[in-house]
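With the first letter of the sequence shown counted as 1, position 710 gets the number 710 in the UniProt record's numbering; the numbers rise by one all the way through. Beta carbons: idealized from backbone N, C-alpha and C, even for Gly.
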Amino acid sequence: MLTLIHPNGNLKRRADLHLISSDDLVYEQDILRDSSSVKPWLAYISLKGQHGSACEQNLVMARACAQLPRSYKLWKLYLNFRIKHVSKLNPVVFATEYQKVNRLFEKALILLNKMPRIWEKYLRFLMKQPLVTVGRRTFDRALRALPITQHNRIWPIYLSFANAASGQTAVRVWRRYMQVHPEESEDFIELLVKTGGYTEAAMRYMDLVNNVRFSSKRGKGHYELWSDMVDLVVEHALDIDTGYETGLDVERIIRSGISRFVDQRGKLWVGLATYWIRRGSFERARDMFEEGITTAVTARDFSFIYQAYIEFEESVIHALMEKDATSSEQGIVDVDANFDLDIRMMRLKHLIDRRPFLLNDVLLRQNPNQVSVWEKRVKLWDNNNDEVVKTFTTAISTIDPKRAAGPLHKLWSDYARFYQKGGDMRNARIIMEKAVKVPYKSVDELADTWIQWARMELDDGNINEANRIMNKAVQGPLRSRIDYFDETLSPQQRVHKSWKLWSFYVDLMERTSTLDEVRTVYERIFELGIATPQTVVNYANLLEEREYYEDSFKVYERGLSLFEKDPIINFELWNLYLSKAMDRNIDIERLRDLFEQAVRGCPPKFAKRIYIMYGNMEEERGLVRHAMRIYERATREVADEDRADMFNFHITKMASNFGLPSTRPIYESAITALPDSEAKDMCVKFADMEKRLGEIDRARAIYKYASQFCDPRTNGDFWEYWKKFEEQHGNEDTFKEMLRIKRSVEQQHNKDVNFIASQALVRGQQTAGQSADAMSQLERDARAPEGFVAASTGPQGGMPVQPAKTSNPDAIDLDD
1 MLTLIHPNGN
11 LKRRADLHLI
21 SSDDLVYEQD
31 ILRDSSSVKP
41 WLAYISLKGQ
51 HGSACEQNLV
61 MARACAQLPR
71 SYKLWKLYLN
81 FRIKHVSKLN
91 PVVFATEYQK
101 VNRLFEKALI
111 LLNKMPRIWE
121 KYLRFLMKQP
131 LVTVGRRTFD
141 RALRALPITQ
151 HNRIWPIYLS
161 FANAASGQTA
171 VRVWRRYMQV
181 HPEESEDFIE
191 LLVKTGGYTE
201 AAMRYMDLVN
211 NVRFSSKRGK
221 GHYELWSDMV
231 DLVVEHALDI
241 DTGYETGLDV
251 ERIIRSGISR
261 FVDQRGKLWV
271 GLATYWIRRG
281 SFERARDMFE
291 EGITTAVTAR
301 DFSFIYQAYI
311 EFEESVIHAL
321 MEKDATSSEQ
331 GIVDVDANFD
341 LDIRMMRLKH
351 LIDRRPFLLN
361 DVLLRQNPNQ
371 VSVWEKRVKL
381 WDNNNDEVVK
391 TFTTAISTID
401 PKRAAGPLHK
411 LWSDYARFYQ
421 KGGDMRNARI
431 IMEKAVKVPY
441 KSVDELADTW
451 IQWARMELDD
461 GNINEANRIM
471 NKAVQGPLRS
481 RIDYFDETLS
491 PQQRVHKSWK
501 LWSFYVDLME
511 RTSTLDEVRT
521 VYERIFELGI
531 ATPQTVVNYA
541 NLLEEREYYE
551 DSFKVYERGL
561 SLFEKDPIIN
571 FELWNLYLSK
581 AMDRNIDIER
591 LRDLFEQAVR
601 GCPPKFAKRI
611 YIMYGNMEEE
621 RGLVRHAMRI
631 YERATREVAD
641 EDRADMFNFH
651 ITKMASNFGL
661 PSTRPIYESA
671 ITALPDSEAK
681 DMCVKFADME
691 KRLGEIDRAR
701 AIYKYASQFC
711 DPRTNGDFWE
721 YWKKFEEQHG
731 NEDTFKEMLR
741 IKRSVEQQHN
751 KDVNFIASQA
761 LVRGQQTAGQ
771 SADAMSQLER
781 DARAPEGFVA
791 ASTGPQGGMP
801 VQPAKTSNPD
811 AIDLDD
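Okay, here's the thing in structure tokens:
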């Protein structure tokens with residue numbers, strides 16, 4: 001008979017013997033032979049798991065765990081088996097079965113209390129049972145038993161248990177969790193809000209916003225956390241504990257946020273006021289609104305606070321009106337309530353009336369040196385003279401002249417004008433005397449101040465006083481060496497060189513003083529070296545109007561000397577000077593000297609107009625041949641872009657005075673001097689002129705010469721002119737010769753691909769007036785046919801035109 005030895009050394013009770021069959025003897029003997037080994041037990045358990053019943057499996061596992069109580073593997077199999085067995089049972093109805101499993105876990109943990117997986121299984125198993133206290137204590141035992149490095153395996157389960165339990169249990173568990181994981185504070189705050197712990201939630205928020213190292217796992221910044229805290233304390237204002245020892249000073253907290261988050265002051269001020277409204281302290285809320293709108297530094301914050309303030313006052317008035325209506329229906333007359341309603345209506349009206357001034361205060365807090373804002377404030381007071389004066393005084397004492405944004409001088413002049421309109425010129429002058437001593441940022445502002453003072457006197461009819469003021473303004477050293485642009489000097493030291501000041505002074509003197517006095521002022525302007533081209537013209541025109549013609553010419557000459565380094569101004573002054581001199585019909589020799597001076601230093605791009613005026617003068621008052629020589633000079637001196645026009649002008653004048661034949665040398669010079677694109681057109685005109693004179697052979701020779709730089713693919717119009725010419729005046733031989741030359745030129749240009757591309761680009765863009773190209777000139781000279789020799793070498797460096805020598809005895813002499 002088989003004897004079963006109980007693990008504790010006693011005989012196994014015979015009631016369990018029926019669960020052991022003869023097939024199990026082998027495994028029983030293995031266990032007896034090696035009772036300290038886990039392997040025989042695992043093989044035995046595996047057999048029962050495949051062929052045994054639940055009771056047989058339970059018996060073997062229980063015996064194994066009793067025999068080897070320190071075996072984690074055996075306990076795991078046993079506990080999993082028992083958990084699976086009761087998992088489908090209701091934990092309330094079958095609480096006894098669950099308790100049996102709990103006792104097994106407790107038994108296992110006696111020796112395996114350092115095994116976190118067994119604790120996890122046990123805790124999850126307890127969470128299925130309605131045993132909150134037992135579960136909480138077991139969680140605490142697990143945390144105490146396991147090392148802190150393994151607590152992360154327990155806390156997630158513990159938090160799930162706490163959230164399921166809710167209430168104070170959850171709060172207390174989360175408080176402990178915060179000690180090791182403060183980064184999860186946001187979840188704890190959310191739990192506190194759900195459970196009504198608003199004071200503690202606000203305190204937790206304070207800890208977060210004061211911790212600069214805190215990083216929100218929800219991606220919130222410090223302001224967002226502040227905003228959430230403010231929303232919490234405002235929404236639950238009555239639930240927040242504000243006791244001296246344990247509570248929160250909400251107002252102090254929100255004010256610290258106002259000072260920290262400058263760009264969100266509007267929202268925080270409204271939040272603080274709303275907090276007091278919810279607590280029923282309406283007067284305190286009104287104080288917060290007033291402080292907010294009087295300290296706001298941006299229009300956005302001001303508008304936000306002001307709108308909330310208006311809505312608050314309207315809501316209070318609406319509530320009082322409803323209360324009054326209810327009392328009236330009941331026949332009750334509440335005098336105090338009506339009085340309170342009237343006061344609040346007056347407050348609302350006063351608040352609405354103050355809005356422009358409050359908004360102006362906001363702009364001044366942004367920049368107290370903004371002149372335009374002070375001017376708007378003056379206009380806001382309209383007819384309130386006392387406030388206007390007070391505003392002007394405050395503005396002048398507040399604005400730093402060196403940092404003023406806007407015309408500070410205008411503020412001073414408006415202040416003086418205010419007294420002038422009131423008939424108090426004495427105070428107006430006192431103000432302007434102070435204004436001209438202000439250290440402005442620029443000389444222009446000081447000059448404008450003097451000018452405004454003089455205009456004020458003129459408006460009041462004090463012409464002599466205006467002259468005296470301007471004379472005082474321009475006073476300076478007799479031989480001033482002060483640099484107008486020296487910023488190290490004050491504007492008062494440099495203002496005597498202000499052109500704006502002198503310009504106004506001159507205009508004033510011209511209207512109110514004698515010519516000698518005006519001339520003295522102009523002479524002083526020239527002495528100071530601040531004359532402008534307009535000064536020269538005005539001075540000269542003034543003398544001309546008074547019939548001091550020679551003096552006016554001297555003024556022009558002084559202006560030319562003063563601006564000799566500026567070619568544009570010099571040209572304009574010469575243009576005026578020469579026009580005035582020609583109108584006066586002065587001696588022709590003097591005029592010639594003037595023109596020669598004008599063209600001597602005149603830049604090429606301005607020379608064309610001077611030369612045409614010079615030539616016209618010679619045609620009208622001198623010799624025509626002199627005029628032609630002047631035009632011929634002009635073709636050499638003008639700019640490249642004006643040379644073709646100058647040649648055409650010269651040709652026209654020469655033809656009108658001496659006939660068409662006399663234009664031949666001009667045409668020849670033009671063809672030599674102009675670039676190919678313009679020389680082609682000049683050749684066509686030259687040939688047309690010869691044709692009108694009946695010189696057919698000369699015209700044909702010109703066409704032949706021009707053909708060498710006229711590619712048929714880019715200058716089809718030239719070849720069309722030549723074709724029509726041959727059709728009208730040639731014969732079969734000349735026409736064939738024209739075609740032969742055309743083919744020859746086309747072949748020649750085929751060799752130069754770059755030339756073809758450049759010519760096509762020029763034709764596509766249709767640009768005119770290009771400068772002569774040196775390479776083009778060399779190529780044209782190399783291709784020049786022997787059948788045409790120019791009668792002159794063209795203009796070269798001012799040398800007179802000399803007839804060219806014929807090198808080919810068969811060439812046509814165009815001069816015959």
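C-alpha distance - residue i paired with residue j, whole-angstrom precision
| i | j | result |
| --- | --- | --- |
| Thr734 | Ile741 | 10 Å |
| Trp499 | Asn538 | 14 Å |
| Lys608 | Met425 | 59 Å |
| Ile671 | Ile610 | 24 Å |
| Lys128 | Lys220 | 36 Å |
| Asn210 | Ile396 | 44 Å |
| Gly730 | Ala699 | 11 Å |
| Asp228 | Met61 | 57 Å |
| Leu79 | Tyr223 | 52 Å |
| Ser216 | Glu183 | 7 Å |
| Asp645 | Thr635 | 9 Å |
| Tyr614 | Tyr631 | 9 Å |
| Leu159 | Arg117 | 17 Å |
| Lys323 | Ala337 | 9 Å |
| Met115 | His151 | 12 Å |
| Phe647 | Glu737 | 31 Å |
| Leu4 | Ile31 | Because the pLDDT at Leu4 is just 40, under 50, the model does not fix this residue reliably, and the point stays unresolved. |
| Glu97 | Tyr122 | 15 Å |
Cβ neighbour criterion (16 or more within 10 Å) applied to residue i
| i | result |
| --- | --- |
| Pro356 | exposed |
| Gln728 | exposed |
| Arg63 | buried |
| Glu678 | buried |
| Gly798 | At Gly798 the pLDDT is 36, less than 50, meaning the model places this residue with poor confidence; the figure from the coordinates comes in the next sentence. By the 10 Å Cβ count, Gly798 comes out exposed. |
| Gln708 | buried |
| Pro491 | buried |
| Asn570 | buried |
| Val443 | buried |
| Gly280 | exposed |
| Gly243 | exposed |
| Gln99 | exposed |
| Phe485 | exposed |
| Ile702 | buried |
Assigned secondary structure, residue i (DSSP; H/G/I helix, E/B strand, else coil)
| i | result |
| --- | --- |
| Gln370 | strand |
| Ala405 | strand |
| Arg279 | coil |
| Asn152 | helix |
| Tyr703 | helix |
| Ile31 | helix |
| Thr133 | helix |
| residue 870 | Past the edges of the chain, shown from 1 to 816, lies residue 870, and the structure says nothing about it. |
| Ile254 | helix |
| Leu248 | coil |
| Cys710 | coil |
| Val436 | coil |
Neighbourhood of residue i by C-beta, 7 Å cutoff - its chain only, sequence neighbours within 5 removed
| i | result |
| --- | --- |
| Trp155 | Tyr177 |
| Trp502 | Val474, Ile525 and Ile530 |
Cut-off 6 Å between Cβ atoms - residues of its own chain near residue i, not counting five sequence neighbours on either side
| i | result |
| --- | --- |
| Cys710 | Lys680 and Phe718 |
| Ala639 | Pro604 and Lys605 |
| Ile20 | none |
Same chain, Cβ closer than 8 Å to residue i, five either side skipped, listed in chain order
| i | result |
| --- | --- |
| Ile317 | Leu341, Arg344, Met345 and Leu348 |
| His236 | Tyr198 |
Proximity test, residue i beta-carbon vs the ligand ZN heavy atom, cut-off 6 Å
| i | result |
| --- | --- |
| Gln748 | Among the ligands in the structure shown, none appear at all, so the ligand ZN cannot be discussed. |
### Task
Within the segment 284–367, note down every full alpha helix (DSSP H) run reaching 4 residues or more, in order along the chain.
At a cut-off of 4 residues, the continuous stretches assigned as alpha helix (DSSP H) that sit fully inside the segment 284–367 are 299–329 and 335–366.
### Task
Could you name each continuous beta strand (DSSP E) segment of 3 residues or more that falls completely within the segment 522–602, going from the start of the chain to the end?
Counting only runs that start and end inside the segment 522–602, there is no beta strand (DSSP E) element of at least 3 residues.
### Query
Along the chain, which unbroken stretches of the alpha helix (DSSP H) at least 4 residues long are found entirely within the segment 464–507?
Listed in chain order, they are 491–494.
#### Entry: Whole alpha helix (DSSP H) elements within the segment 172–252, 4-residue minimum
Segments of the alpha helix (DSSP H) lying fully in the segment 172–252: 185–195, 198–210 and 222–235.
### Message
Report the start-end ranges of each alpha helix (DSSP H) in the segment 90–126 that is 4 residues or longer and not cut off at the edges.
### Response
Scanning the segment 90–126 from its first residue to its last, the whole alpha helix (DSSP H) runs of 4-plus residues come out as 95–111.
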